[in-house]
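Everything below concerns the one structure shown next.
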Amino acid sequence: MPEWFDGTVYDSGDVVKNPFTGETAELTAEELSMYDLIMGAQVVGNYDVMRKGLDWFRRENHAAYKALLD
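So the sequence shown is residues 10 to 79, counted in this note's numbering.
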């Protein structure tokens with residue numbers, strides 16, 4: 010995980026569903042950890058962390074980024 014990551018790193022991944030499109034993506038533990046950090050950052054308005062997370066996700070798993078976050 011990047012140095013700036015301050016969330017919880019999960020032990021296992023899971024399948025995540027985009028609530029708007031219904032698309033799903035199977036995420037690794039690290040990807041799920043980042044996804045949750047991005048979603049939390051969006052809720053509280055921490056757009057710096059959200060942008061960093063989106064950039065990380067785009068590089069690490071572009072297909073899941075497109076399905077879940079684009």
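Ideal placement from N, C-alpha and C gives every residue a C-beta, glycine not left out.
- Here D23 carries a strand assignment [DSSP, helix/strand/coil].
- Ranked by Cα distance from E12, the first of A73, W65, L78 and A34 is W65.
- Here the alpha carbon of D79 sits roughly 17 Å from the alpha carbon of V52.
- In the displayed model, E39 falls within a helix according to three-state DSSP.
- The Cβ atoms of E39 and A76 lie no closer than 9 Å to each other.
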